[in-house]
Amino acid sequence: MRGYLGLAAFAAAFALAGPAMAAALPFDPDVATREWLATMDQAAVARSDSYFEGGYWIQFVGPLIGFIFAFAFLQLGFAKNIRAWLEKNVKVYFFVVVLFALVYTLIGAVLSFGWDYWVGFVREHDYNLSTQNFSQWFVQYLQGFGLSLLIGSFAIGMFYLIIAVAKNTWWIWCTFASIAFAAVIGMLAPVYISPIFNHYNPMPESALRDSVLQIAQANGVPTNDVLVYDRSQQTNSVSANVSGFGETTRISLADTLLQRESPGGVRAVLGHEIGHYVLQHTVSLLVMNAMMIAIAFALAHFGFLAIAKGEKWGIRSIADPAGMPLLFSVIGFLFLLATPISNNITRFHENQADMFGLNAAREPDGFAESALLLSEYRKMEPTALEEWFFYDHPSGYARIHMAMVWKAHHMALGDIPMGPGGPPPGWAPDFVTGHPDPRAVGYTAPGGEGATAPAAPATTTAAPAAEAPATTAAPSPAAPSN
Ligand SMILES: [Zn+2]
């Protein structure tokens with residue numbers, strides 16, 4: 002009898018404990034996350050997965066093309082012959098290097114144009130992301146390439162001057178130089194480079210703008226301006242970013258974001274960007290990347306010497322411009338190996354900005370809405386290994402789940418109103434209900450010339466990446482986005 006009583010008491014306690022624990026939260030964040038994800042139809046999930054998974058091999062094939070080109074350039078004697086001709090006719094070391102870099106990059110770009118066209122234009126259209134016709138795309142491709150060529154060749158000239166002077170310790174000094182270079186480019190880019198590709202204007206007056214500025218100023222962001230840029234000139238997808246460095250740091254929202262998301266969604270994204278700003282992520286990204294660059298340069302030094310031993314391909318020393326295809330291939334290969342490391346460095350910051358943004362904007366549903374719209378170019382539910390290796394931002398699932406946990410706990414705290422756990426009743430993303438064409442919706446820049454402006458290359462290609470074929474060196478200026 003006593004045994005039965007004990008058992009009954011135990012069972013009763015267990016039965017009570019179950020509901021008591023669940024009652025701590027007004028809804029189950031796992032279930033709510035599923036409800037958000039269920040607003041995507043099968044076709045949208047398939048499209049999202051296939052676009053993002055295609056990117057896995059694209060990021061390796063691009064550099065591979067560069068390696069093959071570099072090898073051919075060395076093996077066929079082009080490198081040493083061009084170097085010899087330049088030394089005879091130009092004489093000044095700096096200009097020999099710069100001209101060598103120009104010739105090498107130009108030939109590489111011509112040979113790899115088909116690949117760039119497929120990745121940057123054809124594929125983007127296949128997934129209905131691009132809003133550009135060929136001539137718009139090509140003009141911006143040329144602008145971006147020309148700019149990279151100019152800035153990159155000059156940077157390579159400086160890079161080699163350091164190598165020639167510092168010899169075996171070049172990797173230390175070149176790390177400092179790369180970081181300084183990235184900081185300067187980062188400072189100049191929003192003022193001189195970004196406006197080449199897009200129009201930036203203050204966000205038009207509205208209740209939404211006022212609320213956005215309230216959130217910014219509440220968090221100590223000394224600004225009266227949030228900028229809107231005409232991303233719809235290039236793509237339908239939503240985005241926002243923090244750009245600049247020091248004095249020129251600024252937050253820019255895409256016009257597509259304003260057109261496609263609810264006010265809560267816009268505030269959620271802005272909260273995230275404010276997080277990057279307040280937490281000084283441009284600086285900390287630079288410092289963390291510096292460590293990675295220093296290690297890569299040091300390893301590249303020894304790798305280069307091992308491969309170029311005995312004047313292979315006519316390379317006389319590491320300061321010899323004829324060794325440029327080899328040196329940049331080795332550096333590019335090391336950065337390729339470090340892909341998961343750099344992704345983890347970036348994702349670490351993005352995760353911080355997500356949590357900051359939730360707390361600053363207090364818009365968990367808007368945050369979930371944004372995470373869902375980003376599925377257009379980022380797969381929602383990767384495996385843990387996939388996310389660790391390939392993701393520079395948390396996955397859509399991780400972000401929505403974070404927002405739903407936040408929402409459930411704050412409802413329990415009573416500091417936000419009670420409501421449904423999942424999406425607002427009847428809500429579905431616009432790519433399920435019918436995709437709007439932002440150009441038709443028509444955000445018109447206050448300047449008025451938005452419609453005729455040439456459009457920009459995707460932000461990934463806009464960063465001056467020095468030479469095109471052999472991916473290399475200087476990290477693009479830290480510009481955290483969405
Ligand atoms: Zn971000």
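Here the sequence shown is numbered in my numbering, starting from 2 and rising by one per residue. No residue lacks a Cβ here, since even glycine has one placed at the ideal position from N, Cα and C.
>> Quick check on the DSSP output: what are the complete alpha helix (DSSP H) runs of length 4 or more inside the region 164–210, in order along the chain?
In response: 171–189 and 195–198
| message | Given 8 Å as the limit, tell me if Glu-351 has its C-beta closer than that to any heavy atom belonging to ligand 1. | response | yes
Out of Met-412, Leu-386, Phe-329 and Pro-421, point me to the one whose CA is closest to Gly-109's CA. Phe-329
Close Cβ partners of Ala-45 (< 8 Å) along its chain, the five nearest in sequence each way excluded: Ser-376, Pro-430, Phe-432 and Val-433
> Pairing CB atoms from the region 169–179 with CB atoms from the region 295–307, are three or more of them under 8 Å?
Replying inline: yes
Problem - First through last residue of the alpha helix (DSSP H) which encompasses Ser-240 - result: Neither: Ser-240 is in no alpha helix (DSSP H) and is coded neither H nor E.
Residue range of the beta strand (DSSP E) that includes Tyr-230 = 228–230
Inter-residue spacing [alpha-carbon to alpha-carbon] between Glu-54 and Val-93: 47 Å
query: Quick one: what's got a C-beta closer than 7 Å to Ile-342's C-beta in the same chain, skipping five residues either side?
result: Met-293
- prompt: Considering only residues of the region 30–103, which uninterrupted alpha helix (DSSP H) runs meet the minimum length of 4 residues and lie entirely inside it, listed in chain order?
  reply: 30–38, 43–76 and 79–90
Exercise for the section: Could you check the C-alpha separation between Asn-199 and Ser-233 for me, to the nearest Å? Expected result: 10 Å
TODO: Measure the alpha-carbon distance for Lys-380 versus Ser-396 and round it to whole angstroms.
DONE: 7 Å
Quick one: is the Cβ of Ala-354 within less than 8 Å of any heavy atom of ligand 1?
yes
Alpha-carbon spacing of Val-243 relative to Gln-218, whole angstroms:
16 Å
Does the pairing of the region 267–286 with the region 203–220 give three or more beta-carbon distances under 8 Å?
yes
Assigned exposure category for Gly-311 - 16 Cβ within 10 Å defines buried: exposed
message: So, does the region 78–86 touch the region 307–321, judging by three or more C-beta pairs under 8 Å?
response: yes
Range covered by the alpha helix (DSSP H) that runs through Ala-354
340–362
| said: Judging by CA-CA distance, which residue of Ala-404, Leu-143, Arg-251 and Ala-241 is the nearest neighbour of Arg-261? | reply: Ala-241
Secondary structure of Ser-244, DSSP reduced to three states
strand
Residue of Ala-208, Thr-236, Met-204 and Gly-115 minimising C-alpha distance to Thr-493
The question about residue 493 has no answer, for the chain in this structure spans 2 to 483.
Checklist entry - Roughly how far, in whole angstroms, is the beta-carbon of Asn-237 from the beta-carbon of Thr-132, given that I think they are within contact range, below 8 Å? => result 6 Å
Notebook entry, point to check: Counting along the chain, where does the beta strand (DSSP E) carrying Ala-255 start and finish?
Noted result: 251–255
| So what does Ser-131 bridge to, in DSSP terms? | Thr-236
Round the Cβ separation of Asn-1 and Phe-391 to the nearest angstrom and send it over; I've been treating them as touching at under 8 Å. Summary: the structure shown does not reach residue 1, with the chain confined to residues 2 through 483, and so no result is reported for it.
On a Cα-Cα basis, can you pick out the residue from Ile-197, Ser-49 and Asp-256 that is closest to Gln-144? Ile-197
- Bounding residues of the alpha helix (DSSP H) (the contiguous stretch that carries Met-384): Met is not the amino acid found at residue 384; the sequence shown has Thr there. Taken as a continuous stretch (DSSP letters only), Thr-384 belongs to no alpha helix (DSSP H), as it is neither H nor E.
*asked:* Using 9 Å as the threshold, is the C-beta distance between Leu-87 and Ser-154 below it?
replied: no
task = Run the CB neighbour count on Ala-208, radius 10 Å, all protein chains shown included, and call it buried at 16 or more, exposed below.
result = exposed
| query | Are Leu-228 and Leu-259 touching if we call contact CB-CB under 9 Å? | reply | no
Own chain, CB closer than 6 Å to Trp-28, minus 5 neighbours either side, in chain order: In the sequence on display, residue 28 carries Phe and not Trp. Ala-409 and Gly-422.
Exercise. Can you name, in chain order, every residue of its own chain whose Cβ lies under 8 Å from the Cβ of His-302, other than the five neighbours on each side?
Worked result: Asn-169, Trp-171, Trp-172 and Ile-319
* Asked: Which residue's Cα is closest to the Cα of Val-288: Asn-352, Ala-184 and Val-239?
  -> Ala-184
- Task: Determine the extent of the alpha helix (DSSP H) in which Leu-374 is found, giving its start and end residues.
- Result: 365–374
Check: Under 9 Å between the Cβ atoms of Thr-544 and Asp-416?
Finding: Examination of residue 544 is not possible in this model, given that the chain is present from 2 through 483 alone.
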